[in-house]
Amino acid sequence: MMWIASDNAGKKYNVSVNNDVFVVKRSDIPENLEYIDLVNEALFAKTGENGYYVIADFDKKGSRLCFFNDKPDDERILKQDLMPLFGVKKDGSCALVIVEGFKYEFSLVFGVKNGEYYIYPRFFLNGNVPYEDICIKLITLENDATYSDMAVAYRNYQLGKGVCLPLSEKIKERKALAYAIAAPEIRIRMGWKPAPPTVLEQTLENEPEMKVACTFDRVCDLIDEMKAQGIDKAQLCLVGWNKSGHDGRWPQIFPVEEKLGGEKGLRHLISYAQKNGYQIVCHTNSTDCYSIADTFSEDIVVKNEDGSIGMNDFGWSGGRPYDLCPVKALAYAKSYLPKVRELGFEGLHYIDVLTVVPLRWCYDKNHPVNSKETLEMYHKIMALCHELFGGFSSEGCFDFGAEYLDYGLYVSRPVVEDVMADKVVPFWQIAYHGIMLYNSTTDTVNYPIKDVKNHLLVLEDGTRPSFYIYSKFLEGSDNDDWLGKEDLIIDTDEQLRFSVSKIKEAYEEYKTIKHLQTEFILEHKEVEENIFAVTYSDGTKVIVDYNTLSYKIR
């Protein structure tokens, strides 16, 4: 296959070839370029041809197939954080293209123009010389291979490189992970200040009042009810236990929020959970900082290339969130995570959004990092979680975390319709099931109180049951529905019993299929319209029927 590299001005660059690995040397690339494209017209297709493109990351809303059917001229340019790859299935050929070098700056260009479909990787330089060679690997599959085979090929590629290990191997040495496989995840948001914030730059004098949703003592009541209803295993994750609640004062954590029961109450809760057989962890943050924090200064904030300060346009409970430099994030983690562990927490420690935001650059002369160096910092934080707590979990499932991520709160956001996206497929799930635990989408959180289709999706995608008590906290905005309009709350004893009964409902079913978490998915296939069959490496087949809203496991 002939690959052609060209920049935004049309200048071409040499592409070297070695055993289906194609490289553009960084030494050949000058400064001040916007991007470089790497194009192979053999991957193009005519409208009407049989086949499709596999788009692994469709704008963080699932993996999609784009069929070569009749469409108006259109184009998408999508960053591929979820997985650094794309697939091409055509009559008589099937190929998987994996980006190996400079992959954190990779976006996928695909579209249709004048009856021809095209697809190729684009590497954004933003005026910089790349920090490493641009490199892609082509894996040619059998002519009759499908998207399932492409995902399996990527899994084998990752395992072969030693990037990650099967869960069946990991749990031999890691008791916290072995426990989590058999246990649902239950997150509890305990307290928060108004979000969006009523005060952007908060001080000790103007800090808004924190809403108390659930005290440490109330979580003990939750534990009692779980035991009473026969839930013998669960991992509890406390959100907003820290000073000023959820997103209260990052990177400041301590003191433990007194309105929830203070450090004494927290230590009692942790001990109580563990004595009752539950694993308990908490939620911290390594990406954001707020001006109210007792450790805040502009020195810890990411600097953009123009010297401006990195910040998030959307405010959270702590006010305006500034981007914490990864160098500083690692230093903070080394300082505060041992103190968090000393409270007694043990399990898959949760760090907010670490695997669902793109890797940052910082141009501060005192602590500059590119995206690859940022990942080195984040990997050290993840490894520290393994060392201290027994595991690491986070909000998303971006591929760069695969070496350390044990559980992701969701793989994707809810699916949206798009003319360039014909079918949703669980591509990531096929590749990584049996390697890490995950909840498939934000829609499948709290699934027993939602539309039955979410239950079917849990089964189709091999999800570990995940729950969020007090998931809704944003005010005056539909943004509060990102985990669903429905919620589990435990204000009253009646609400407590109901919420636990729904967790129990999911847990009883999960106990019968939890063994599948250590198996690989071999194939996902639509056997009839809206009927999907998922085959596991132990021979188990899960069939979900969205027409009759039913399923079979055999």
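Going letter by letter, the sequence shown gives residues 651 to 1204 in my numbering.
All C-beta atoms, glycine included, are put in the ideal place defined by N, C-alpha and C.
Only a predicted model underlies this, so the values are computations on that prediction, with no experimental measurement involved.
Span separating the alpha-carbon of residue i from that of residue j
i, j, result
"Ile-1085", "Leu-854", "45 Å"
"Tyr-1082", "Ile-950", "35 Å"
"Ser-818", "Asn-778", "42 Å"
"Met-1027", "Ala-979", "8 Å"
"Pro-905", "Asp-874", "27 Å"
"Leu-1106", "Val-674", "45 Å"
"Asn-926", "Ser-1116", "20 Å"
"Leu-998", "Asp-731", "23 Å"
"Leu-987", "Leu-1038", "8 Å"
"Leu-693", "Tyr-1201", "37 Å"
"Glu-755", "Leu-775", "7 Å"
"Lys-1100", "Ser-677", "54 Å"
"Lys-763", "Pro-722", "8 Å"
Bridge partner(s) assigned by DSSP for residue i
i, result
"His-1083", "Met-1086"
"Ala-745", "Val-738 and Thr-790"
"Ile-1203", "Val-1192"
"Ala-1071", "Asp-1068"
"Lys-763", "Glu-766"
"Leu-1138", "Ile-1119"
"Gln-885", "Glu-835 and Gln-929"
"Trp-966", "Gly-969"
"Cys-716", "Tyr-703"
"Asn-892", "None, per the DSSP bridge assignment."
"Trp-1011", "According to DSSP, Trp-1011 bridges with nothing at all."
Coil, strand or helix - residue i by DSSP
i, result
"His-918", "helix"
"Thr-1092", "helix"
"Asp-1049", "helix"
"Met-961", "strand"
"Phe-1077", "helix"
"Lys-675", "coil"
"Asp-956", "coil"
"Val-667", "strand"
"Glu-948", "helix"
"Glu-851", "coil"
"Gln-902", "coil"
"Val-704", "strand"
"Ser-1062", "strand"
"Ala-659", "coil"
"Ala-923", "helix"
"Asn-935", "strand"
"Leu-758", "strand"
"Glu-681", "coil"
"Lys-843", "coil"
"Gly-912", "helix"
First through last residue of the beta strand (DSSP E) which encompasses residue i
i, result
"Lys-787", "784-790"
"Cys-814", "It is not in any beta strand (DSSP E) - Cys-814 carries neither H nor E in the DSSP assignment."
"Arg-868", "Premise fails: Arg-868 lies in the alpha helix (DSSP H), 866-878, not in any beta strand (DSSP E)."
"Leu-728", "724-729"
"Pro-771", "766-774"
"Glu-1176", "1171-1178"
"Asp-687", "685-689"
"Val-1184", "1181-1186"
"Asp-1002", "999-1002"
"Phe-1042", "1042-1044"
C-beta atoms of residue i and residue j nearer than 8 Å
i, j, result
"Leu-1059", "Asn-1089", "yes"
"Pro-976", "Asn-962", "no"
"Glu-1176", "Phe-1182", "yes"
"Lys-710", "Arg-1010", "no"
"Val-990", "Glu-1110", "no"
"Tyr-922", "Cys-870", "yes"
"Ile-821", "Ala-803", "no"
"Gly-965", "Gly-898", "no"
"Ile-705", "Val-749", "no"
"Leu-715", "Asp-1072", "yes"
"Gly-701", "Asp-670", "no"
"Ile-784", "Phe-752", "yes"
"Ile-942", "Gly-994", "no"
"Lys-1152", "Asp-1137", "no"
"Leu-1087", "Arg-1114", "yes"
"Thr-1005", "Gly-1046", "yes"
"Gln-879", "Ile-836", "no"
Residue interval of the alpha helix (DSSP H) (run including residue i)
i, result
"Glu-859", "First-last for Glu-859: undefined, no H or E at that position."
"Arg-1147", "1143-1161"
"Phe-1205", "No statement about residue 1205 is possible, as the shown extent of the chain runs from 651 to 1204 and does not include it."
"Tyr-986", "976-992"
"Asp-1111", "1102-1111"
Residue i CB to nearest heavy atom of the ligand MN below 7 Å
i, result
"Asp-1141", "No copy of the ligand MN appears in this structure; indeed no ligand is present at all."
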